[in-house]
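Trainee:
2 protein chains.
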Amino acid sequence: MYSSHLTSLARGAAHPAFALQSNELTLESLFAAQPAERLPSGAAAFWEGDPATHLLQVAEGCLRLYRVLGDGRRAVIGFRFVGELIGISCYGSYSYTAEAVTHVRIRRITRTRLQAREQEIPEIRPLVMAKMFQEMDAAQRHIIVLGQLGAEERVAHFLVSAAMRMGGEQGEAVLIDLPMTRLDIADYLGLTIETVCRAMSKLKHHGIIALDGRHSVTVLRLSDLRSMAGDVDDLSGFHDQCALAQLPN
Amino acid sequence: MYSSHLTSLARGAAHPAFALQSNELTLESLFAAQPAERLPSGAAAFWEGDPATHLLQVAEGCLRLYRVLGDGRRAVIGFRFVGELIGISCYGSYSYTAEAVTHVRIRRITRTRLQAREQEIPEIRPLVMAKMFQEMDAAQRHIIVLGQLGAEERVAHFLVSAAMRMGGEQGEAVLIDLPMTRLDIADYLGLTIETVCRAMSKLKHHGIIALDGRHSVTVLRLSDLRSMAGDVDDLSGFHDQCALAQLPN
DNA sequence: TCAAATGTGTTACAGTTCGTTACAAACGCA
DNA sequence: TGCGTTTGTAACGAACTGTAACACATTTGA
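Heads up: the protein sequence lines correspond to chains C and D, in order.
If you count the first sequence from 1, you need to add 8 to reach the working numbering.
If you count the second sequence from 1, you need to add 8 to reach the working numbering.
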């Protein structure tokens, strides 16, 4: 699943829109003070095992986070998009490699500097904590996707998440940009390339999506796609109120 | 995978034994001041969606953490054992239900009280943070298990993790206590009961494990089992040194 | 600039793994 | 003790993966 943008989280997810609004602005200004670094497609921002000295923010483009097993198998743990953070749940060393899918611009801040800023501006800590909780929540959701959903459900869920990130609403077509390859998607969903292609072709055949080249999907019937995606994100509205009241420092 | 005990983590995992030693002692004393509560097998400590007002520590027994999908499917997210914490990565509301597998004793502390204690004793925060990172690391590992390993690899990995938790060493037989049902294990590994049974029977047939009733497994050849478990935990020793240097506050 | 090489996506056919179904054994309770 | 429920295991079938081939897109090198 994508790490979500504010607009995608607005749809009944566990975070109040308000908290994240200020979240993005304040953390954003933190990173804005750092110089932007450019990475060409395929370049690593950091490697699994490197000392986790920095947090990264994506200023432009898309990165994949992955781990390679001893036998060469690769697991994509997630993708990160504009505005999102990388490395927030790593300590000591990075537990995955972060690699540019597209040409990418990122900003880095050292953990030391972040901690110094947290001392100056106490409001920063809850913002960082919120990001950590969000990442944990996303990981748990992904565990459920991989453990309980079949291949087509997984692909549908992946596309629904992408549509939500794009601010998709019920009843209108959503154009999704998918900068990663089918292999990336397959390694993310625990499937093979062929199965991903098959699932997509089937959705196309049923008129639920339209494919335009490799990196563009139009979701034509979002509610149909959603009903195929399993009920992983069935969260009660109860969360929204409690999250605001209980935001940890 | 189990949330690990100190002794299991001693085998090249991402946490220095020293840090967790003091971790267990100090958080332990925090909870020791709280009254222990008894739960019969099958009782819920809290439900998915409840306000996440407390952290829990397991004083005795085993709990399963699970979520139920809208269509009735159940995903077990993890198991918690003596000394381990529950709810540390939840905020606002619990993102899963915690249910007693066995008769259980737990201690609770409110987040409010925990924060007050953190103010008094600043050393507590890094201990809590370490637990959060540990939980995130375990979640990522589980994502890889579900996404990349086949059924037998998953079961083998599950048993290796259990053996590690029991302090198993290479070359000697390890007796594992598995208090949960095969359905629990299946829902945790994204498999069915039958597949779990098959995998275990196969391991038994090959002389790698011995089965004694429902809740007892003896690992006879740990290195064989380990070689069947995929290379998910292939972590370099580099982590140990960096983790100590970089423990966040 | 253009052709060759390489990478990526899709589809058809065949093989493997795991889910479903059926049944047996064990357990818990009145 | 008897019965209902839970748990465990084996045979058949569904779902997914693997292999191969082809089409198309992108990159590389002359």
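From the three backbone atoms N, C-alpha and C, an ideal C-beta is built for every residue, glycine too.
1) D:A194 lies in the alpha helix (DSSP H); which residues open and close that run?
2) Going by Cα to Cα distance, which pick from C:P43, C:I201, C:V227, C:H223 is closest to C:H7?
3) Just verifying my parser: in three-state terms, what is the DSSP assignment at D:L77?
4) Quick check on the burial criterion: 16 or more other C-beta atoms within 10 angstroms. Buried or exposed for D:Q127?
5) Please list, in chain order, the chain C residues whose beta carbon lies closer than 8 angstroms to that of D:L77.
6) In chain order, what residues of the same chain have a beta carbon less than 7 angstroms from the beta carbon of D:V163, not counting five sequence neighbours either side?
7) Check the Cβ-Cβ distances between D:F87 and every residue of chain C, and say whether any is below 7 angstroms.
8) What do you get for D:D239, buried or exposed, if any count of 16 or more other CB atoms within 10 angstroms of its CB means buried?
9) Go ahead and label D:L64 buried or exposed: buried means 16 or more other beta carbons lie within 10 angstroms of its beta carbon, across all protein chains shown.
10) Using a Cβ-Cβ distance cut-off of 7 angstroms, determine whether C:F141 contacts chain D.
11) At a Cβ cut of 8 angstroms, what residues of the stretch 116-148 of chain D count as close to chain C, listed as they run along the chain?
12) Would you give the residue range spanned by the beta strand (DSSP E) that C:Q65 belongs to?
13) Based on the DSSP secondary-structure assignment, which residues constitute the bridge partners of C:A218?
14) By the 10 Å Cβ neighbour count, where 16 or more other Cβ atoms means buried, how is D:V225 classified, buried or exposed?
15) Is there a Cβ from chain C that is less than 7 angstroms from the Cβ of D:Y99?
16) So the alpha helix (DSSP H) C:F141 belongs to, where does it begin and stop?
17) Please work out which residues of its chain come closer than 6 angstroms, Cβ to Cβ, to C:D241, disregarding the five sequence neighbours upstream and downstream, and give them in chain order.
18) Which same chain residues, not among the five before or five after D:L219, have their C-beta less than 7 angstroms away from its C-beta?
19) Are at least three pairs of beta-carbons, each pair with one atom in the stretch 138-157 of chain D and one in the stretch 66-82 of chain D, less than 8 angstroms apart?
20) Is D:M140 closer than 7 angstroms to D:S103 when the C-beta atoms are compared?
21) Which of helix, strand or coil does DSSP assign to C:S101?
22) What does the alpha-carbon distance come out to for the pair D:A52 and D:F87?
23) At a CB-CB cut-off below 9 angstroms, which residues of chain D make contact with C:S224?
24) Please go through the same chain and pick out, in chain order, the residues whose beta-carbon is closer than 8 angstroms to the beta-carbon of D:D195, but skip the five residues on each side of it.
25) Can you tell me the Cβ-Cβ gap for D:L55 and D:T118, rounded? I've got them flagged as a contact below 8 angstroms.
26) Tell whether a beta-carbon distance below 7 angstroms holds between D:M188 and D:V109.
27) Under 7 angstroms Cβ to Cβ from D:M236, same chain only, skipping five residues before and after it: list those, please.
28) So is C:S103 in contact with chain D if we call contact Cβ pairs under 7 angstroms?
29) Excluding the five sequence neighbours on either side, which residues of its own chain have a C-beta within less than 6 angstroms of the C-beta of C:L183, listed in chain order?
30) Note down the Cα distance separating D:L186 from D:H62, rounded to an integer number of angstroms.
31) Rounding to the nearest angstrom, what Cα-Cα distance links D:R113 and D:R222 in this structure?
32) I need the DSSP call for C:F39, collapsed to helix, strand or coil.
33) In whole angstroms, what separates the C-alpha of D:R46 from that of D:H111?
Mentor: The answer reads as follows:
1) Translated into the one-based positions of the second sequence, residue 194 of chain D becomes position 186. The continuous alpha helix (DSSP H) containing D:A194 extends over residues 190-197.
2) Nothing about residue 7 of chain C can be reported from this structure: the residues present for chain C run from 9 to 257 only.
3) Along the second sequence, read from residue 1 onward, the residue named residue 77 of chain D stands at position 69. Coil, per DSSP.
4) Position 119 of the second sequence, counted from the first residue, corresponds to residue 127 of chain D. The residue is exposed, with fewer than 16 neighbouring Cβ atoms inside 10 Å.
5) Residue mapping note: residue 77 of chain D aligns to position 69 of the second sequence, counting from 1. For D:L77, the chain C residues whose C-beta falls within less than 8 angstroms of its own C-beta are I152, Q156, G238, D239, V240, D242, listed in chain order.
6) Here residue 163 of chain D corresponds to residue number 155 of the second sequence, with the count starting at 1. Short of 7 angstroms from the beta carbon of D:V163, and not among the five residues preceding or following it, lie these beta carbons of its own chain, in chain order: L197, V204, A207, M208.
7) Counting from 1 along the second sequence, the entry for residue 87 of chain D is found at position 79. Interface annotation, D:F87: not in contact with chain C, CB-CB separation never under 7 angstroms.
8) Position 231 of the second sequence, counted from the start, is the residue given in the question as residue 239 of chain D. D:D239 should be labelled buried.
9) On the second sequence, residue 64 of chain D is found 56 positions in, with the first residue counted as 1. A residue is called buried when at least 16 other Cβ atoms come within 10 angstroms of its Cβ; D:L64 meets this threshold and is buried.
10) Taking the first residue of the first sequence as position 1, residue 141 of chain C is located at position 133. Residue-level contact by beta carbon holds for C:F141 and chain D, with a gap shorter than 7 angstroms.
11) Going along the stretch 116-148 of chain D in chain order, one finds R119, Q123, M137, A138, M140, F141, E143, M144, D145, A147, Q148 with a Cβ nearer than 8 angstroms to chain C.
12) As a working note, residue 65 of chain C is residue 57 in the first sequence. Counting along the chain, the beta strand (DSSP E) containing C:Q65 begins and ends at 62-68.
13) Locating residue 218 of chain C in the first sequence gives position 210, where the first residue counts as 1. Paired residue(s): C:T226.
14) Taking the first residue of the second sequence as 1, we reach residue 225 of chain D at position 217. Result: buried.
15) Position 91 of the second sequence, counted from the first residue, corresponds to residue 99 of chain D. Taking 7 angstroms as the CB threshold, D:Y99 lines the interface with chain C.
16) As a first step, residue 141 of chain C must be located in the first sequence, where it is residue number 133. C:F141 -> alpha helix (DSSP H) spans 132-156.
17) Position 233 of the first sequence, counting from 1, holds the residue named residue 241 of chain C. Residues of the same chain with their beta carbon placed closer than 6 angstroms to that of C:D241 are lacking, with the five preceding and five following residues left out of the count.
18) Your numbering for residue 219 of chain D matches position 211 in the second sequence. Excluding positions up to five away in sequence, the list reads M208, K212, V225.
19) The answer is no - the stretch 66-82 of chain D does not touch the stretch 138-157 of chain D, with fewer than three Cβ pairs under 8 angstroms.
20) Translated into positions along the second sequence, residue 103 of chain D becomes position 95. Translated into positions along the second sequence, residue 140 of chain D becomes position 132. Their beta carbons are not under 7 angstroms apart, which means D:S103 does not touch D:M140 by this criterion.
21) To locate residue 101 of chain C, count along the first sequence from 1; it is residue 93. Of the three classes helix, strand and coil, the one that applies to C:S101 here is strand, per DSSP.
22) Translated into the one-based positions of the second sequence, residue 52 of chain D becomes position 44. Translated into the one-based positions of the second sequence, residue 87 of chain D becomes position 79. Roughly 13 angstroms separates the two Cα atoms.
23) Counting from one through the first sequence, the residue named residue 224 of chain C turns up at place 216. Within chain D, no residue has its CB atom less than 9 angstroms from the CB of C:S224, the nearest being about 25 angstroms off.
24) Against the second sequence, residue 195 of chain D aligns to sequence position 187. Hits under 8 angstroms: Y74, R82, A83, V84.
25) For the purposes of this step, residue 55 of chain D is taken as residue 47 along the second sequence, with counting starting at 1. For the purposes of this step, residue 118 of chain D is taken as residue 110 along the second sequence, with counting starting at 1. Looking at the sequence shown, residue 55 of chain D is not Leu but Trp. At roughly 17 angstroms, the Cβ-Cβ gap does not stay under 8 angstroms, so D:W55 and D:T118 are not in contact.
26) The residue labelled residue 188 of chain D in the question sits at position 180 within the second sequence. The residue labelled residue 109 of chain D in the question sits at position 101 within the second sequence. Inclusion of D:M188 and D:V109 in the CB contact set at 7 angstroms is warranted, their separation being smaller than that value.
27) If you number the second sequence from 1, residue 236 of chain D lands on position 228. Non-local C-beta neighbours of D:M236 in its own chain, meaning closer than 7 angstroms and more than five positions away in sequence, comprise E160, E161, A164, ordered along the chain.
28) Residue mapping note: residue 103 of chain C aligns to position 95 of the first sequence, counting from 1. Under the 7 angstroms criterion on CB atoms, C:S103 is classed as interfacial with respect to chain D.
29) If you number the first sequence from 1, residue 183 of chain C lands on position 175. By the criterion of a C-beta distance shorter than 6 angstroms, C:L183 is surrounded in its chain by T226, once the five residues flanking it on both sides are discounted.
30) As a first step, residue 186 of chain D must be located in the second sequence, where it is residue number 178. As a first step, residue 62 of chain D must be located in the second sequence, where it is residue number 54. Distance between the alpha carbons of D:L186 and D:H62: 27 angstroms.
31) Numbered from its first residue, the second sequence carries residue 113 of chain D at position 105. Numbered from its first residue, the second sequence carries residue 222 of chain D at position 214. Taking the Cα positions, D:R113 is about 22 angstroms away from D:R222.
32) In the first sequence, the residue the question calls residue 39 of chain C occupies position 31. Looking at C:F39 - three-state DSSP - the assignment turns out to be helix.
33) Numbered from 1 along the second sequence, position 38 holds the residue referred to as residue 46 of chain D. Numbered from 1 along the second sequence, position 103 holds the residue referred to as residue 111 of chain D. Rounded to the nearest angstrom, the two C-alpha atoms are 7 angstroms apart.
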